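Heads up: take any position in the sequence shown, counting from 1, add 8, and you land on this note's numbering. Note that beta-carbon positions come from the ideal geometry of N, C-alpha and C, so glycine has one too. Since this is a predicted model, take the numbers as computed values, not measurements.
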Amino acid sequence: MPGTRRNPLFAATLAIVASIAASSAADAEIARGVQYFHTEFEHYFMTRHQAEIVALETGVFPGWFRTGTFYQFETEPKPRHVPACRFFSSLGGKATHFFTAAADECALVKGNPHWTYEGVAFYTLLPDADGACPAGTGAIHRLYNDGRGASPNHAYTPDVLKRDRLVANGWISEGVAFCLPASTGDAPAKTQLLADTIWEFPLNDASYGEGARARFGFGSARFTGVLSGFLAWFGAPEVPYLSFNEWVIGFGGATGIGRSGAESGAAGWDAGANQYVFGFTTGYDAGTVNLFDRADLPTVPVCTVTVTPNIDRRYATAYNLHPFQPVLWSPCVSGMATRVQP
Numbered sequence: 009m010p011g012t013r014r015n016p017l018f019a020a021t022l023a024i025v026a027s028i029a030a031s032s033a034a035d036a037e038i039a040r041g042v043q044y045f046h047t048e049f050e051h052y053f054m055t056r057h058q059a060e061i062v063a064l065e066t067g068v069f070p071g072w073f074r075t076g077t078f079y080q081f082e083t084e085p086k087p088r089h090v091p092a093c094r095f096f097s098s099l100g101g102k103a104t105h106f107f108t109a110a111a112d113e114c115a116l117v118k119g120n121p122h123w124t125y126e127g128v129a130f131y132t133l134l135p136d137a138d139g140a141c142p143a144g145t146g147a148i149h150r151l152y153n154d155g156r157g158a159s160p161n162h163a164y165t166p167d168v169l170k171r172d173r174l175v176a177n178g179w180i181s182e183g184v185a186f187c188l189p190a191s192t193g194d195a196p197a198k199t200q201l202l203a204d205t206i207w208e209f210p211l212n213d214a215s216y217g218e219g220a221r222a223r224f225g226f227g228s229a230r231f232t233g234v235l236s237g238f239l240a241w242f243g244a245p246e247v248p249y250l251s252f253n254e255w256v257i258g259f260g261g262a263t264g265i266g267r268s269g270a271e272s273g274a275a276g277w278d279a280g281a282n283q284y285v286f287g288f289t290t291g292y293d294a295g296t297v298n299l300f301d302r303a304d305l306p307t308v309p310v311c312t313v314t315v316t317p318n319i320d321r322r323y324a325t326a327y328n329l330h331p332f333q334p335v336l337w338s339p340c341v342s343g344m345a346t347r348v349q350p
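Following this line, the structure appears as structure tokens:
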């Protein structure tokens, strides 16, 4: 295998790592992390560091998109927790990272000249011999791309559907790697806080005018169990969900012109990310996802992303370039959501 090359990407990575190290003391005890996918490299990467998130989403490191997978990371050592080592390499000419909480594996990779040790990424509990995680945590599955594209890469996912999709497309399952924090509240009960309420969300679509907002009414009769279909299309994990029953787009926009109708959408509580996921689609080519932490307040901060299919339009029939990563998420646009009723 070729050695690690000191290319501009590697130099930029070191600069950001230095920035992260200088600011680590200000990190929260539990930080939400984000997963990314590179459409050319076919690589996954996860990070909790705001400096890296900004760099990935502003083109400092081009080609990376959010996937819809989030994590909660312990940033300080706690009883029974172990450090997770982080490594970087450009084997095969493609940036790749590796994370491990196994002490022997960490020591082994530290001795490999093709990998650069970047320090402790987070702290985590380990699964038992059967791969089960302690209460209050969720299992993170690790998968290896088997050297796909002549460059090693690992994916880390809390979603068994995503794990199985990767395996079906040639990735190798390596079991449960970590046990990361998960909210202990009852997910269906948290989801039901949205039932029979009406909300307004930012509509980040210039075609509706600056400041346009979308109004949604959530029903209670259509509450279901665990969803493995609609929100999964958006790349969201399996969650208990309910569907909205009405909406008005453009409400409060600059033009004052809106439209109403019944479209496809669902919302639910993602315990692993400790946040609500609300997705809706206005057609085949795109969807919108809103992420927010609370449903019991009249106004809450919200992150809005656009979800697009990961396809190649050169074909008469849309051809999925990456069957294991069917959608891509845009960078987050911050805004405020308001509960109108009750």
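Less than 7 angstroms separating the beta-carbons of P189 and Q43?
no
Relative to the C-alpha of Y249, which candidate in A163, P196 and A279 has its C-alpha closest?
P196
Kindly indicate which three-state DSSP category V68 falls into: helix, strand or coil?
coil
Between S97, P91 and A59, which lies nearest to A158 when the distance is taken from Cα to Cα?
S97
How long is the line joining the alpha carbons of E246 and H162, rounded to whole angstroms?
21 angstroms
In terms of residue numbering, what span does the alpha helix (DSSP H) encompassing Q349 cover?
Run containing Q349: none in the alpha helix (DSSP H); it sits in the beta strand (DSSP E), V341 to Q349.
Excluding the five sequence neighbours on either side, which residues of its own chain have a C-beta within less than 7 angstroms of the C-beta of G295, listed in chain order?
F242, G287, F288, T289 and V315
Does the beta-carbon of T66 have 16 or more other beta-carbons within 10 angstroms, so that it is buried, or is it exposed?
exposed
With 16 other Cβ atoms within 10 Å as the buried cut-off, status of I180:
exposed
With DSSP as the reference, label V112 as helix, strand or coil.
According to the sequence provided, residue 112 is Asp. The question's Val does not apply to it. Reduced to three states, the DSSP call for D112 is helix.
Is the segment 110-126 close to the segment 169-178, with three or more CB pairs under 8 angstroms?
no
Around the Cβ of R56, are there at least 16 other Cβ atoms within 10 angstroms (buried) or fewer (exposed)?
buried
Would a check of beta-carbon distances place W207 closer than 7 angstroms to chain B?
Checking the listed chains, one finds no chain B in this structure; it contains a single protein chain.
Please report the straight-line C-alpha distance between E82 and N120, rounded to a whole angstrom.
27 angstroms
Short Cβ contact (7 angstroms threshold) for F53 with A109
no
Since T104 and H149 are thought to touch, with beta carbons under 8 angstroms apart, how far apart are those beta carbons, to the nearest angstrom?
Not really, about 18 angstroms apart at Cβ, beyond 8 angstroms.
Delimiting residues of the beta strand (DSSP E) encompassing P317:
T307 to P317
Closer than 6 angstroms by C-beta to S338: which residues in its own chain qualify, once you throw out the five before and the five after it? Chain order, please.
V313 and T314
Mapping the DSSP letters down to three states, classify G276 as helix, strand or coil.
strand
Let me check understanding here. Comparing Cα to Cα, which of Y125, Q349 and F130 lies closest to L201?
Q349
Contacting residues, own chain, Cβ-Cβ under 7 angstroms from R347 (five flanking each side not counted)
T205, W207 and P306
Count the other CB atoms, across all protein chains shown, that sit within 10 Å of the CB of K198; report buried if there are 16 or more and exposed otherwise.
buried
Does D278 pass the burial test, meaning 16 or more other C-beta atoms within 10 Å, or should it be called exposed?
buried
Reduced DSSP secondary structure (H/G/I, E/B, other) of E84
coil
With 16 other CB atoms within 10 Å as the buried threshold, where does V341 fall?
exposed
Check this for me: beta carbons of P331 and N318, under 7 angstroms apart or not?
no
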